[in-house]
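Right, one structure below, let's go through it.
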Amino acid sequence: MDSQNKYIAIYRRFRPETFDEVLGQSHVVRVLKNQIQTGNVAHAYLFSGTRGTGKTTIARLLAKGVNCLNGGAGEIADGGATRPCGVCEHCVEIKNGAFIDVAEIDAASNNSVDDVRDLREMLVYPPQLGRKRVFIFDEVHEFSKQAFNALLKTLEEPPENILFILCTTEPNKLPQTILSRCQRFDFRRVAASEIADGMAGIARKLGIEASDDALALLAQSADGSVRDGLSLLEQCVTSGETKLTRELVLDVLGSPGDDAIAALTDDVHAGRTAEALVRVNEMLAGGKEERRVMEEWIDWLHSALLVKFVKNPERIIGRSAESIAEIGRAAAGYDVAFVNDSIYRLSKLLNDSRWSPHVRILLEITIVEMSEKKCLN
Ligand SMILES: Nc1ncnc2c1ncn2[C@@H]1O[C@H](COP(=O)(O)OP(=O)(O)OP(=O)(O)O)[C@@H](O)[C@H]1O
Ligand SMILES: [Mg+2]
Ligand SMILES: [Zn+2]
50 MDSQNKYIAI YRRFRPETFD EVLGQSHVVR VLKNQIQTGN VAHAYLFSGT
100 RGTGKTTIAR LLAKGVNCLN GGAGEIADGG ATRPCGVCEH CVEIKNGAFI
150 DVAEIDAASN NSVDDVRDLR EMLVYPPQLG RKRVFIFDEV HEFSKQAFNA
200 LLKTLEEPPE NILFILCTTE PNKLPQTILS RCQRFDFRRV AASEIADGMA
250 GIARKLGIEA SDDALALLAQ SADGSVRDGL SLLEQCVTSG ETKLTRELVL
300 DVLGSPGDDA IAALTDDVHA GRTAEALVRV NEMLAGGKEE RRVMEEWIDW
350 LHSALLVKFV KNPERIIGRS AESIAEIGRA AAGYDVAFVN DSIYRLSKLL
400 NDSRWSPHVR ILLEITIVEM SEKKCLN
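Mapping the sequence shown onto the working numbering, position 155 (from 1) lands on 204, and the numbers just tick up by one.
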């Protein structure tokens, strides 16, 4: 790392500069690309959905797309550049937050009505350098009632050459009057397989040799959020590692790992209560977290269940073929009722333990119940 440069987090260094680099969200990308290319961009958009899935990223791509100096209407058919190009002067300035006609306003820190009044005063000016002035309102649900009212007035009579992009994780907090004036896109959680693919490319650029199962595990832990996935990747490589292995990821996640989970399941299934209790206490003593153990266990059992019914489960389970084969071998000895029952109990435990100061005791009780019930059968 260049010591003169401020350190920049991986997820910020690798923000997509063109639509082709976006992972998932194809339902959004397809429509926006087309609208930009044909000049049919609406005057107000609402991007809603889970955090870290690309709302701000795509808002900036749209801002670039309408102001990009390359490509444009009528040029798709003859193979012209797709907007945004990511490299022209306007695209680069927007990327650096230095383009005069694009303003990004974080409503969480600018929610007084005065700011929106200022904004309305600003709206009378036409774009200076670009085709459209773009206002991106991040976390727009933080707006006050007065701020919404002021914004609404502008949305009712949208000035020409102005584009509003509202982003929020909580669209239910927005007034219906605002919602009904925006073209709305719901951002989805990104599939683990797509996050893994994206991370593989980033790891390569960073000079990190990452194994497929390490990336699959990271992507799965990201739970649909690309930013969470990249933050986890970052945690794994901060101490200068150039090799990313599944073991390293397990260690960073504080996760017990498949082998330990498989052995625990086997003890419980066979009714070896004492062994199961010792085993789980060893995991906790080794620094694993109770809730992490429960989550991993549920995930392992879920995979075991799918392996029983689905022929090629690689696509729906975020694991390597190798680890799926191992789970398959273990699961062959269990009937579906045992797997289902275990998932029910552990899910209930995960929920019940959320506010409990006795998470460890609850986990032990559940293990005893799972194991002893087996003995009674
Ligand atoms: N769909 C995606 N494709 C590729 N990278 C993504 C995607 N979504 C998020 N990222 C990565 O995560 C970072 C944060 O994404 P972004 O700011 O767009 O998320 P967001 O949906 O606006 O989240 P929040 O709700 O927290 O504001 C980006 O810089 C990028 O590295
Ligand atoms: Mg955002
Ligand atoms: Zn451009």
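Every residue, glycine too, gets a C-beta built ideally from N, C-alpha and C.
Between residue i and ligand 3, is the CB less than 7 Å from at least one heavy atom?
i: Asn119; result: yes
i: Pro133; result: yes
i: Val90; result: no
i: Lys82; result: no
i: Lys181; result: no
Are the CB atoms of residue j and residue i within a distance shorter than 8 Å?
i: Thr217; j: Val183; result: no
i: Leu215; j: Phe96; result: yes
i: Arg394; j: Glu363; result: no
i: Ser270; j: Thr294; result: no
i: Gln225; j: Ala91; result: no
i: Ile59; j: Leu279; result: yes
i: Gly101; j: Val301; result: no
i: Leu412; j: Val356; result: no
i: Leu282; j: Leu267; result: yes
i: Arg169; j: Asn116; result: no
i: Leu350; j: Ser402; result: no
i: Tyr99; j: Phe186; result: Reading off the sequence shown, one finds Thr at residue 99, where the question assumed Tyr. Going by C-beta atoms, Thr99 is not nearer than 8 Å to Phe186.
i: Ser420; j: Arg321; result: yes
Looking at ligand 2, does it come within less than 7 Å of residue i, judged from the CB to the closest heavy atom?
i: Thr105; result: yes
i: Cys216; result: yes
In this structure, does DSSP put residue i in helix, strand or coil?
i: Gly250; result: helix
i: Phe184; result: strand
i: Gly98; result: strand
i: Phe63; result: coil
i: Gln232; result: strand
i: Glu290; result: coil
i: Asp155; result: strand
i: Leu212; result: strand
i: Ala259; result: strand
i: Thr203; result: helix
Could you compute how far the alpha carbon of residue i sits from the alpha carbon of residue j?
i: Val408; j: Leu398; result: 9 Å
i: Asn361; j: Ala370; result: 9 Å
i: Arg61; j: Glu138; result: 20 Å
i: Asn210; j: Phe148; result: 16 Å
i: Gly250; j: Thr105; result: 21 Å
i: Ile376; j: Ile57; result: 39 Å
i: Ile347; j: Leu354; result: 10 Å
i: Gln284; j: Asp262; result: 17 Å
i: Leu326; j: Leu313; result: 9 Å
i: Glu339; j: Lys422; result: 22 Å
i: Glu22; j: Ser372; result: The structure shown does not extend to residue 22, since the chain is modelled only from 50 to 426, so the question has no answer here.
i: Ala196; j: Arg238; result: 30 Å
i: Ala319; j: Gly303; result: 27 Å
With hydrogens ignored, establish whether the beta-carbon of residue i is closer than 7 Å to any heavy atom of ligand 1.
i: Cys140; result: no
i: Pro207; result: no
i: Gly247; result: yes
i: Gly382; result: no
i: Asp65; result: A quick correction: the sequence has Pro, not Asp, at residue 65. Result yes, Cβ under 7 Å from ligand 1.
i: Phe148; result: no
i: Val430; result: Since the displayed the chain opens at 50 and closes at 426, residue 430 lies outside it and no answer follows.
For residue i, is the beta carbon positioned less than 7 Å from some heavy atom of ligand 4?
i: Val136; result: Within the structure as shown, ligand 4 is missing, the only ligands being ligand 1, ligand 2 and ligand 3.
- Message: With three or more C-beta pairs closer than 8 Å as the rule, is the stretch 227–247 touching the stretch 61–73?
- Response: yes
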